[in-house]
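Visitor: I have a structure here, written as structure tokens, and I will follow up with some questions on it.
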Amino acid sequence: MNRAPFPIPSVVAASALLLSTPAASLALDWTNLAPIGPVSSHTRTARTLELRTADNSTVTLSILAPDLVRVRTLFPGQPASPDHSWAIAKTDWPSTTWQLSESPTALSITTAELEIVINRDPLLITFLDAKTKQPLNRDERPMARDPKTARVAAAKKLGFDEHFYGLGEKAARLDKRRGRFTMWNSDTPGYVEGTDPIYQSIPFYIGWENNACYGLFYDNSHRSTFDMGWSGQDYTGFTAEGGELDYYFFGGPSMKKIISRYTELTGRMPMPPLWALGHQQSRYSYYPDTMVERVAAEYRQRDLPLDVLYLDIHYMDAYRVFTWDKTRFPDPAAFTARLDKQGIKVVTIVDPGVKYEPADPAKPNAPRYAVYEEGIAKDYFLRRKDGSLYIGEVWPGKSLFVDYTKADARAWWGDWHRSLTDVGIAGIWTDMNEPSDFIDKSGATQMDVVFDDLGTRTLYGKHRNLFALNMARATYEGLQKLKPDRRPFVITRAGYAGVQRYAVVWTGDNNVTMDSVALNIPMFASLGLSGQAFVGADVPGFIGRGDAEILARSYQLASLVPLCRNHGTIDYYDHEPWRYGSYAEGIVRKFLKLRYRLMPYIYTTLEEAHRTGVPYFRPLLLEFQTDTNALNLDDQFMIGDALLAAPVVRAIERGREVYFPAGLWYDFWTHTPINGAQTLRVDAPLDHMPLYVRGGSILPTTVEMNHTGEKPWSPLRFAIYPDAEGRATGTLYEDDGLTPAHLKGIFRRISLTYDNNVLTISAPVGGALRPDQIYQPTAPRDFEFTVHAHGKTLSHRRRDDGQAHRIEIK
Ligand code: GLC
336 MNRAPFPIPS VVAASALLLS TPAASLALDW TNLAPIGPVS SHTRTARTLE
386 LRTADNSTVT LSILAPDLVR VRTLFPGQPA SPDHSWAIAK TDWPSTTWQL
436 SESPTALSIT TAELEIVINR DPLLITFLDA KTKQPLNRDE RPMARDPKTA
486 RVAAAKKLGF DEHFYGLGEK AARLDKRRGR FTMWNSDTPG YVEGTDPIYQ
536 SIPFYIGWEN NACYGLFYDN SHRSTFDMGW SGQDYTGFTA EGGELDYYFF
586 GGPSMKKIIS RYTELTGRMP MPPLWALGHQ QSRYSYYPDT MVERVAAEYR
636 QRDLPLDVLY LDIHYMDAYR VFTWDKTRFP DPAAFTARLD KQGIKVVTIV
686 DPGVKYEPAD PAKPNAPRYA VYEEGIAKDY FLRRKDGSLY IGEVWPGKSL
736 FVDYTKADAR AWWGDWHRSL TDVGIAGIWT DMNEPSDFID KSGATQMDVV
786 FDDLGTRTLY GKHRNLFALN MARATYEGLQ KLKPDRRPFV ITRAGYAGVQ
836 RYAVVWTGDN NVTMDSVALN IPMFASLGLS GQAFVGADVP GFIGRGDAEI
886 LARSYQLASL VPLCRNHGTI DYYDHEPWRY GSYAEGIVRK FLKLRYRLMP
936 YIYTTLEEAH RTGVPYFRPL LLEFQTDTNA LNLDDQFMIG DALLAAPVVR
986 AIERGREVYF PAGLWYDFWT HTPINGAQTL RVDAPLDHMP LYVRGGSILP
1036 TTVEMNHTGE KPWSPLRFAI YPDAEGRATG TLYEDDGLTP AHLKGIFRRI
1086 SLTYDNNVLT ISAPVGGALR PDQIYQPTAP RDFEFTVHAH GKTLSHRRRD
1136 DGQAHRIEIK
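Numbering of the sequence shown is given in the numbering used here, commencing with residue 336 and proceeding in unit increments.
Given below as structure tokens:
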């Protein structure tokens, strides 16, 4: 069979499917919600202030850090579930000092950064900046719960000039003000701007008002809705169908600081292998092996960079996970070895649906499917409340799903990846993990599915949004165990807060349209602000036929995005770079070569995301937090703090307006200086992407190559772009790009500063205790420095001798 039994619907069918999905949004309707009562008493412990209320609720405020407070409310009759969250990575916060003051009307907590005023009657909480006394966030009404349905809700006053960012993966613009969003992981092929929800749920947002920011993470995995001023001008709020009102409040005022704290709480992305930053090619589906190798050969012959090829569902034997179709791939180990010799890694898809394949009494000698057999024997598959197996329908037909909340089931699932890693598979693509079930994609008929959940046996309503997080965890930990000397590479479609600890994400089944390409920018920026730094979208898009223009424009953008992967669905024209003529192919080549040249900067910037949580792909607002022109900028972005891209994301256009924040900028291509604080019209023919460097930056770059392992970074080229005062700074991070040795401090970081012709290079530093345990470059190499200043270019070249230097460049 050369098609899946349930092919992805076309765009038309997809939108019909979306329309037929039951309305998933809950209105923030207050009619049946019982407000929490006034504060009747309180108790202080070292870390917490516990409030009891007249209606027997408890509200626990935990002071985790001077800028981080958790507010957890239990209403009367609400079962006190164990204090555990699958999203949280850190619970052991060092103690922090805070003061409590009391008045007849209020209680007030003061940390070094936040003041939290709790009005006793009614119970209303206000968060203020302890230094400026500026209110950051205030309850608009008391928190509430519907005792009949268990729905909980909170409302905050909406500031007249308050803006919202984050909320994870939403098919929406950057500023979420006046929008309404639901968290309910959903398989939504062909989604467009406004389709909500889609695959992921990250209930974290950053509020901005008067240049100051705060963050709010509502850690509740039940279906929830965020009303960001959609219902009116008074309030913004969140409500969930079950679970607790349990949120974390982050003080800023800096957005970067908030993201750093948020990712300290929920975890940061691990360093990927360097090859994962190379260009990747996928298709639903390449087979047999000779066809995959033909694609690889085409890439090499055409001098087009490629690091990774993907095998979609047809590599399996009738879509049985952890099997191979031996006709299509008779010798997977030899196949991956041949590709590896050409510098190409292979990533395979692994879906959660395990083929339901009980023994057929009529065929007693038929081979048995071990994944099914073992899963049944060990009772790892999800069951409904009545004890029957939850049987869904995915690619193999009837399918079962593993309960990844069981630690032994996770370990078992992880071990099964041996069937892939043993034959040289380098990474795992976990898909359909909303989880998608063709019988009912909405989840309505699955609400009685029970999850072990650390022995508490909770229901689907809590776990749908967590399913992918726990599956990604099982996969990541499995790869870690199977290949302890390799960094795992896992890519996931669905997720919840914290999924960044285990997997990179791609934005699912987008369309081959310019609107879809344009949507990449706010989507990647919002994911980054929500802790997910390693992101990407199918290039040029999943559903639809491409053309030269969309191929060129989508690659221009993707050349700077962490995950740069070409993919396309089964029933559309091919998407490889050469399919639309040599002109488009040349443009793709130019931008892929650019990506590999920029790799030292890309890797350095990604390491910053790994270390601090500050994303790689940034909205301008993250760098220019007080610039109100950046509040709503959906068609420009920054990579790190030095590169500003303004790709053309509209059809036919061959020029566009570019906004330059205050400061000095340089055209990346011509090095022409540009004064900031203005909007300029620039030309952008099809082969051009407007790209700029921020004055004051030093960009580490290297030579072109066709895969990341082809050549060492030699020479390393540092492009220096002084600011108006003639100064610039930059860093370069390096490690072996493959193993976890960097976690033991085996890396190498150098800092460069330039001040009016004098360049200072620091001695390299690592993180290991012994200074000689620093990462060493694989071969001797040169450093090249080029200063782009005052319309002239100055250069200097020297051997990298691993020493600090002060160089005058004239
Ligand atoms: C889903 C994925 C897509 C994949 C297809 C077949 O639609 O999102 O990327 O190609 O399934 O596995």
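We put the CB at the ideal spot given by N, CA and C, even for glycine. Please read all numbers here as calculations on a predicted model, not as lab measurements.
Which word fits L435, buried or exposed, when buried means at least 16 other C-beta atoms lie within 10 angstroms of its C-beta?
Guide: Exposed is the call here.
Visitor: Mind checking who G577 pairs with in its DSSP beta bridge?
Guide: In the DSSP output, where bridge partners are listed per residue, G577 has none listed.
Visitor: Which partner residues of S851 appear in the DSSP bridge assignment?
Guide: According to DSSP, which records beta bridges pairwise, S851 is partnered with nothing at all.
Visitor: Does the segment 836-852 touch the segment 515-527, meaning 3 or more C-beta pairs lie closer than 8 Å?
Guide: Output reads yes: the segment 836-852 touches the segment 515-527.
Visitor: Can you find a heavy atom of the ligand GLC that lies under 8 Å from the Cβ of F877?
Guide: Yes.
Visitor: Output yes or no for whether 9 Å exceeds the beta carbon distance between G550 and F516.
Guide: Going by C-beta atoms, G550 is not nearer than 9 Å to F516.
Visitor: Start and end of the alpha helix (DSSP H) containing D750?
Guide: Looking at the DSSP string, the run of the alpha helix (DSSP H) that includes D750 is A742 to W751.
Visitor: With C-beta atoms as the reference, is G577 less than 9 Å away from R486?
Guide: Yes, Cβ-Cβ distance for G577 and R486 is below 9 Å.
Visitor: Apart from the five residues on each side of it in sequence, which residues of its chain come closer than 6 Å, Cβ to Cβ, to Y931?
Guide: Cβ neighbours of Y931 beyond the five flanking positions: P640, E1039 and M1040.
Visitor: In whole angstroms, what is the alpha-carbon distance linking D531 and K505?
Guide: Going from the Cα of D531 to the Cα of K505 covers about 7 Å.
Visitor: Given a cut-off of 9 Å on the beta-carbon distance, is the pair P982 and P1050 in contact?
Guide: No; because the gap between Cβ atoms is not below 9 Å, this pair is not in contact.
Visitor: Hey, could you find the ends of the beta strand (DSSP E) I826 is sitting in?
Guide: V825 to T827 is the span of the beta strand (DSSP E), which, as asked, contains I826.
Visitor: Residues in its own chain within less than 7 Å of A358 by CB, not counting five upstream and five downstream?
Guide: Confidence at A358 is low in this model, with a pLDDT of 40, below 50, so the placement of that residue is unreliable and no value is reported for it.
Visitor: My output table needs one value for H377: the three-state DSSP class, helix, strand or coil.
Guide: H377: strand per DSSP, three-state reduction.
Visitor: Who are the near neighbours of Y725 in its chain, counting only those whose CB is closer than 8 Å to its CB and skipping five residues on each side?
Guide: The answer, listed in chain order, is F716, L717, R718, R719, L735, F736, Q781 and V784.
Visitor: In angstroms with no decimal places, state the Cα-to-Cα distance between A779 and H557.
Guide: About 13 Å.
Visitor: What's the call for D1107, buried or exposed, on a 16-neighbour Cβ count within 10 Å?
Guide: D1107 should be labelled exposed.
Visitor: How many Å lie between I905 and S620 at the Cα?
Guide: Each residue's alpha carbon lies about 7 Å from the other.
Visitor: Taking 9 Å as the cut-off, decide whether the C-beta atoms of G759 and A672 are in contact.
Guide: Yes; because the gap between Cβ atoms is below 9 Å, this pair is in contact.
Visitor: So if DSSP puts R486 in a beta bridge, which residue, or which two residues, is it bridged to?
Guide: None; R486 has no bridge partner.
Visitor: In whole angstroms, give me the CA-to-CA distance for A441 and Q835.
Guide: Approximately 39 Å between the Cα atoms of the pair.
Visitor: Just verifying my parser: in three-state terms, what is the DSSP assignment at P1008?
Guide: Here P1008 sits in strand by DSSP.
Visitor: Buried or exposed, going by whether 16 or more other CB atoms sit within 10 Å of the CB of R888?
Guide: The residue is buried, with at least 16 neighbouring Cβ atoms inside 10 Å.
Visitor: Is the beta carbon of A832 closer than 9 Å to that of Y811?
Guide: Going by C-beta atoms, Y811 is not nearer than 9 Å to A832.
Visitor: Could you check whether the Cβ of Y619 sits closer than 8 Å to any heavy atom belonging to the ligand GLC?
Guide: Answer for Y619: yes, Cβ within range of the ligand GLC.
Visitor: Taking 8 Å as the cut-off, does the segment 911-926 touch the segment 561-580 (at least 3 CB pairs, one atom from each stretch)?
Guide: No, because fewer than three Cβ pairs between the segment 561-580 and the segment 911-926 fall closer than 8 Å, the two stretches do not touch.
Visitor: Are there 16 or more other CB atoms within 10 angstroms of the CB of A860, so buried, or fewer, so exposed?
Guide: A860 should be labelled buried.
Visitor: My understanding is that D1002 touches Y1027, with C-beta atoms under 8 Å, so please give their C-beta distance in whole angstroms.
Guide: Confirmed, about 6 Å.
Visitor: Is R828 a contact residue of the ligand GLC, with contact defined as CB to any heavy atom under 8 Å?
Guide: Checking the Cβ of R828 against the ligand GLC gives yes.
Visitor: Can you find at least 3 beta carbon pairs, one from the segment 940-948 and one from the segment 490-507, that sit closer than 8 Å?
Guide: At 8 Å Cβ cutoff, the stretches do not touch.
Visitor: Report the CB separation of A479 from P370 in whole angstroms; it is logged as a contact under 8 Å.
Guide: Right, the Cβ-Cβ distance comes to about 5 Å (below 8 Å), so this counts as a contact.
Visitor: Considering only the beta carbon of each residue, do R512 and D969 sit closer than 9 Å?
Guide: No. Outside cutoff.
Visitor: Sorted by chain position, which residues of the same chain lie with C-beta nearer than 7 Å to Y1110's C-beta, five sequence neighbours on each side aside?
Guide: Result list for Y1110: E1069, D1070, D1071, I1081, F1082, R1083 and G1101, in chain order.
Visitor: Starting from the N-terminal side, write out each stretch of the alpha helix (DSSP H) that is 4 residues or longer and does not extend beyond the segment 803-891.
Guide: If we require 4 residues or more, the alpha helix (DSSP H) runs fully inside the segment 803-891 come out as 849-864.
Visitor: Which ranges does the alpha helix (DSSP H) cover as unbroken runs of at least 4 residues, wholly within the segment 582-634, from first to last along the chain?
Guide: Counting only runs of 4 or more, we get 590-601.
Visitor: If you scan the segment 430-474 from start to end, which runs of the alpha helix (DSSP H) of 4 or more residues do you find wholly inside it?
Guide: List check, alpha helix (DSSP H) in window: nothing returned.
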